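Chains A and B, in that order, give the protein sequences.
One point on numbering: in the UniProt record's numbering, the residue at position 232 of the first sequence is 232, and numbering is uninterrupted.
One point on numbering: in the UniProt record's numbering, the residue at position 55 of the second sequence is 55, and numbering is uninterrupted.
Comments concern the structure below.
There are 2 protein chains.
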Amino acid sequence: MGAVITGVETVDLRFPTSRELDGSDAMNEAPDYSAAYVVLRTEGDTPDGHGFTFTIGRGNELAVQAAELVGARAVGMDVDEVVGDLGAFARHLDGDSQLRWLGPHKGAIHLGTAAVVNAAWDLAGKRAGKPVWKLLSDMAPAQIVDLVDWRYLRDALTPDAARAMLERAEPGRAEREQTLRDNGYPAYTTSAGWLGYDDVKLARLCREAVDAGWDSIKIKVGADVDDDVRRCRIVRDTIGPGRRLMIDANQTLGVDEAVAWWERLREFDVWWFEEPTSPDDVLGHAAIARRIAPTHVATGEHGHNAVMFKQFLTSGGMGICQLDACRLGGVNEAVAVLLLAAARGVPVCPHAGGVGLCELVQHLSMFDYVAVSGSAEDRMVEYVDHLHEHFVDPVRMNGSFYLPPTAPGYSSEIRPETLRDFAWPHGSSWA
Amino acid sequence: MGAVITGVETVDLRFPTSRELDGSDAMNEAPDYSAAYVVLRTEGDTPDGHGFTFTIGRGNELAVQAAELVGARAVGMDVDEVVGDLGAFARHLDGDSQLRWLGPHKGAIHLGTAAVVNAAWDLAGKRAGKPVWKLLSDMAPAQIVDLVDWRYLRDALTPDAARAMLERAEPGRAEREQTLRDNGYPAYTTSAGWLGYDDVKLARLCREAVDAGWDSIKIKVGADVDDDVRRCRIVRDTIGPGRRLMIDANQTLGVDEAVAWWERLREFDVWWFEEPTSPDDVLGHAAIARRIAPTHVATGEHGHNAVMFKQFLTSGGMGICQLDACRLGGVNEAVAVLLLAAARGVPVCPHAGGVGLCELVQHLSMFDYVAVSGSAEDRMVEYVDHLHEHFVDPVRMNGSFYLPPTAPGYSSEIRPETLRDFAWPHGSSWA
């Protein structure tokens, strides 16, 4: 018997981002970016595992409490067994039928699961001496397949078909890993286009983004269509015709309304229309996608589990797959979605920003590139330049490219002074 | 200015039902039926509003905390304004964008919303001196339409079309209300077929059910198909060919697996197959429905919002609509689902059992019969004979029919001694 997981510690971490309207959009007018932070404590020299899920303020305590309830199932487990079979571990966390009732696989309880699973992957990476993207990319196809809970997915993709797909990608892994180390992974920026920014700030930030090498820029829309016409014109005029403009309505519109909105904005050559309507509306997204082609429908940041992604991907409702590392149940369920998306040829462009989402999803996209889809075409990770300073191993950018993390773990560890100062409600930033 | 809502009180109420395996099924092997109970306190002579949501034990504290967070938005509001526009009230509760992030409209935060909205309807019924089914049934079509949040629903049903449908049902309201008072509303029983019961108990309970007048009986399946063949044979042999047998797999199966399961059980003339797979899998249910016709696919107890029901109803994935009064965001969202189902001609047979779900959904089905679908054909409310003794105004059965409640309110008020003895973890039943 090796070292065991001795306890689960949590921190209710909140950043007062609403004070500057960073992160403001048509649905979320004043978020306080927050994390339900989890530390899996272990014995002796064994590293601890750090993970979290992301919320936008009030109610973060529910995610914290959910992480404690789910995390209690990990206490006493042998670390070698956990990191040796992370698929079984994730299924074990999911296996309390009383807690399952609160979802299943959605809402606060699933956010809590995500935090604990992510912490276990951080622990696994540190124990292996590898960043998580590399730990995943070094796994055999059968090992990767075993990470996934296939119960509800086999009608879209069988484990055998997934393994065959991964085997086809295996010969190119080393070359793509080298490309990644040489060039990094492509990104796009959302930092210019928050809805709370005025036109002058929008134009200035777009100009600065172009000057800094960004060629894909996303802005928030969905509150007032006349405002959005004016703002899209400012962006297109500033960035010129050769760069990508994406728009994001953050779920504010109905199905027909979304198409009408797009009609007003199509002259600005919109590459994707993100979250046009309810994140649960698979069939609504599919209807929108048919009507706004060739603009892609992008969604997934509120896609709560792999069953939803299965439907979005098979129905044509998701032209761009924006999985979230913290809303899905952690790395394992994200791997399931990467497999489903690759099987359908849908590019994955993960949701990032928030607290540490950039730090996490870079690992997932790099693994996708090296070992799953084997492609970076039309694929980008969102980039937002907030809150990275709080991380022990923050993202490193090379212009508009993410450089691959080199430190062991999931880049999910937050600095101790941040955990102290931004703990809610008694940290110095809140007191 | 009239009386205001002065505070929100909550109780974490849990019943140790796992001790007897009442409520056991293939997914939920040992539930402790629980309620996150809410009291909206008011000033002076104004009645208080009592409501709750339902969970099965561990994690109920998340629903309680969610109800407190959502309920805080009601404190200080004028009671007349609340009960005068319950649609606006429900949308107001939903309007905190930070809390919305935890869903949206799903999981713990939505369970909390349900508890508060249900409490407000209890208050509205008591203030009007009417049971909620009657309060709803006396509303004008336009008032009913205004109860609903239409943002994401208009592509399936417009408010105008809903109003026209309600107007067509208006002339028959009085006659159907009289029928209801004379005969009650039809029910079916699940009390015979919990998975934890042995064959002898199953046969005895089926026999007793037939003797008591039940002609529709549901049993749990989904753990072991050979066991299920044997148990279905016992039930069919006991109840004879003229009665309905329904089976419920409680989400345990994949899509193809569910069809294969049904192939083994079809000889027993199964009327519906309930929750064959993930409750989120609209397209999976639609595929199953196509392959097991004329057996109906029944689902909805884990349908978390009206957007999901919209898709289930338009895709053919839901032949029987089993809405839940506590998983949807309370009465208002249940009304939305009743309208969507009636527009598609899909019978609503609400999920009940648990803690007080029978007490609540009887109101919804009776309203559906009087003023929405105008039909009781193929419609039944689930009946389970547990825990009614804890309610101030428990359901009253006339054989296999629910008698319409006569006391003002939503039949949602629990007796004070129950609130004391079953409060978790310090009530006498837990201490």
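All C-beta atoms in this analysis are idealised placements derived from N, C-alpha and C, irrespective of residue type, glycine included.
Just so we're clear, the structure is a prediction, and the values are computed from it rather than from any experiment.
Pull up the DSSP beta-bridge partners for residue 292 of chain A, would you. Position 292 of the first sequence holds residue 292 of chain A. Looking at the DSSP assignment, residue 292 of chain A forms no beta bridge with any residue, so it has no partner.
Could you tell me whether the Cβ atoms of residue 117 of chain B and residue 427 of chain B are closer together than 7 Å? Your numbering for residue 117 of chain B matches position 117 in the second sequence. Your numbering for residue 427 of chain B matches position 427 in the second sequence. Not a contact, by the Cβ cut-off of 7 Å.
How is the beta strand (DSSP E) around residue 50 of chain A delimited, first residue to last? Looking up residue 50 of chain A in the first sequence gives position 50. That run of the beta strand (DSSP E) goes 49–55.
Which residues does DSSP list as the beta-bridge partners of residue 433 of chain A? In the structure displayed, chain A extends from 1 to 431; residue 433 of chain A sits before or after that span and is not available.
7 Å Cβ shell around residue 390 of chain B - same chain, five flanking residues per side excluded: Against the second sequence, residue 390 of chain B aligns to sequence position 390. Once the five neighbours on either side are set aside, the close Cβ partners of residue 390 of chain B are 414, 415, 418.
Spatial neighbours of residue 374 of chain B in its chain, beta-carbon cut-off 7 Å, leaving aside the 5 residues before and after: Mapped onto the second sequence, residue 374 of chain B falls at position 374. For residue 374 of chain B, where only same-chain residues beyond five positions count, the Cβ hits under 7 Å are 169, 172, 176.
Beta-carbon within less than 7 Å of residue 334 of chain A's beta-carbon, same chain only, minus the 5 sequence neighbours each way: which residues are those? Counting from 1 along the first sequence, the entry for residue 334 of chain A is found at position 334. Within the same chain, residue 334 of chain A has close Cβ partners 323, 325, 328, 364.
Would residue 24 of chain A count as contacting chain B if we go by Cβ distances under 7 Å? Translated into positions along the first sequence, residue 24 of chain A becomes position 24. Any Cβ of chain B closer than 7 Å to the Cβ of residue 24 of chain A would place that residue at the interface, and such an atom is absent.
So, with DSSP's three-state summary, where would you put residue 6 of chain A? Against the first sequence, residue 6 of chain A aligns to sequence position 6. Strand at residue 6 of chain A.
Please determine if the stretch 99–106 of chain B and the stretch 123–137 of chain A are in contact, where contact requires at least 3 C-beta pairs separated by less than 8 Å. no
For a test of the three-state rule: what should DSSP assign to residue 141 of chain B, helix, strand or coil? Within the second sequence, the letter at position 141 stands for residue 141 of chain B. Helix.
Find out if the Cβ-Cβ distance for the pair residue 312 of chain A, residue 295 of chain A is shorter than 7 Å. As a first step, residue 312 of chain A is located in the first sequence; it is residue number 312 there, counting from the start. As a first step, residue 295 of chain A is located in the first sequence; it is residue number 295 there, counting from the start. Their beta carbons are not under 7 Å apart, which means residue 312 of chain A does not touch residue 295 of chain A by this criterion.
CB contact below 7 Å: residue 152 of chain B versus chain A: Indexing the second sequence from 1 puts residue 152 of chain B at position 152. Yes, its Cβ sits closer than 7 Å to a Cβ of chain A.
Short-range partners of chain D found in the stretch 100–116 of chain B, where Cβ spacing is below 8 Å: In the structure shown, chain D cannot be found, because the protein chains are A and B.
State the DSSP-derived secondary structure class of residue 37 of chain A, mapped to helix, strand or coil. Walking along the first sequence from the start, residue 37 of chain A turns up at place 37. Correct three-state label for residue 37 of chain A: strand.
Residues that residue 373 of chain A bridges to, as DSSP identifies them: The count along the first sequence starts at 1 and reaches residue 373 of chain A at position 373. In the DSSP output, where bridge partners are listed per residue, residue 373 of chain A has none listed.
Identify the contact partners of residue 406 of chain B in chain A, using a Cβ-Cβ distance below 8 Å as the criterion. In the second sequence, the residue the question calls residue 406 of chain B occupies position 406. Chain A residues near residue 406 of chain B: none, gap ~32 Å exceeds 8 Å.
What span of residues does the beta strand (DSSP E) with residue 348 of chain B cover, start to end? If you number the second sequence from 1, residue 348 of chain B lands on position 348. Unbroken run through residue 348 of chain B: none, as it is neither H nor E.
List, from N- to C-terminal side, the beta strand (DSSP E) runs of 3 residues or more that fit wholly inside the stretch 179–230 of chain B. 185–193, 216–220
Going by C-alpha to C-alpha distance, which of A/336, A/354, A/425 sits closest to residue 161 of chain A? What you label residue 161 of chain A is simply residue 161 of the first sequence in a count that begins at 1. Comparing Cα-Cα distances from residue 161 of chain A to each of A/336, A/354, A/425, the minimum goes to A/336.
For the alpha helix (DSSP H) holding residue 309 of chain B, just list the boundary residues, first then last. Taking the first residue of the second sequence as position 1, residue 309 of chain B is located at position 309. Where residue 309 of chain B is concerned, the enclosing alpha helix (DSSP H) stretches over 306–315.
Let me make sure I understand the geometry here. Which of A/218, A/302, A/305 has the alpha-carbon closest to that of residue 268 of chain A? Start at 1 with the first residue of the first sequence, and residue 268 of chain A comes out as number 268. Looking at the Cα atoms, A/218 is the closest of the given residues.
Please list the residues of the stretch 5–23 of chain B that have a C-beta atom closer than 7 Å to any C-beta atom in chain A, keeping them in chain order. Residues: none.
Cα-Cα, which of A/348, A/356, A/220 is closest to residue 54 of chain A? What you label residue 54 of chain A is simply residue 54 of the first sequence in a count that begins at 1. Among A/348, A/356, A/220, the Cα nearest to that of residue 54 of chain A is on A/356.
Cβ of residue 62 of chain A less than 7 Å from any chain B Cβ? To locate residue 62 of chain A, count along the first sequence from 1; it is residue 62. So, interface residue.
Where residue 78 of chain B falls: helix, strand or coil (DSSP): Along the second sequence, read from residue 1 onward, the residue named residue 78 of chain B stands at position 78. Residue state, collapsed to three classes: strand.
If I'm right that residue 299 of chain B touches residue 283 of chain A with Cβ under 8 Å, what's the distance once you round it to whole angstroms? The sequence position of residue 299 of chain B within the second sequence is 299, counting from 1. The sequence position of residue 283 of chain A within the first sequence is 283, counting from 1. Not a contact, Cβ separation roughly 16 Å.
To the nearest angstrom, report how far apart residue 31 of chain B and residue 59 of chain B are at their CA atoms. Sequence index remark: in the second sequence, residue 31 of chain B carries index 31 (1-based). Sequence index remark: in the second sequence, residue 59 of chain B carries index 59 (1-based). Taking the straight line from one Cα to the other gives about 12 Å.
In terms of DSSP beta bridges, what is residue 391 of chain B paired with? Looking up residue 391 of chain B in the second sequence gives position 391. Paired residues: B/414.
Can you tell me whether residue 249 of chain B sits near the ligand MG, meaning its C-beta is under 6 Å from at least one heavy atom of the ligand? This structure lacks the ligand MG; in fact it carries no ligand of any kind.
Return the Cβ separation of residue 411 of chain A and residue 377 of chain A in integer angstroms, given the expectation that the two are a contact with Cβ distance under 8 Å. Residue numbering aside, residue 411 of chain A sits at position 411 when the first sequence is read from its first letter. Residue numbering aside, residue 377 of chain A sits at position 377 when the first sequence is read from its first letter. Not really, about 25 Å apart at Cβ, beyond 8 Å.
Given that a residue counts as buried once 16 or more other Cβ atoms are within 10 Å of its Cβ, and exposed if not, what is residue 278 of chain B? Residue numbering aside, residue 278 of chain B sits at position 278 when the second sequence is read from its first letter. It counts as buried.
Checking contacts by CB at 7 Å: is residue 215 of chain A closer than that to chain B? Walking along the first sequence from the start, residue 215 of chain A turns up at place 215. False, the Cβ-Cβ gap to chain B never drops below 7 Å.
Contact set for residue 290 of chain B: own chain, Cβ-Cβ below 8 Å, skip 5 residues either direction: On the second sequence, residue 290 of chain B is found 290 positions in, with the first residue counted as 1. Closer than 8 Å at the Cβ level, and outside the excluded window around residue 290 of chain B, lie 316.
Quick one: which chain A residues come within Cβ less than 9 Å of residue 28 of chain B? What you label residue 28 of chain B is simply residue 28 of the second sequence in a count that begins at 1. By Cβ distance, chain A contributes 97, 98, 100, 101.
Selection of the stretch 272–297 of chain B by Cβ proximity to chain A, strictly under 9 Å: 277, 278, 279, 280, 281, 282, 283, 284, 287
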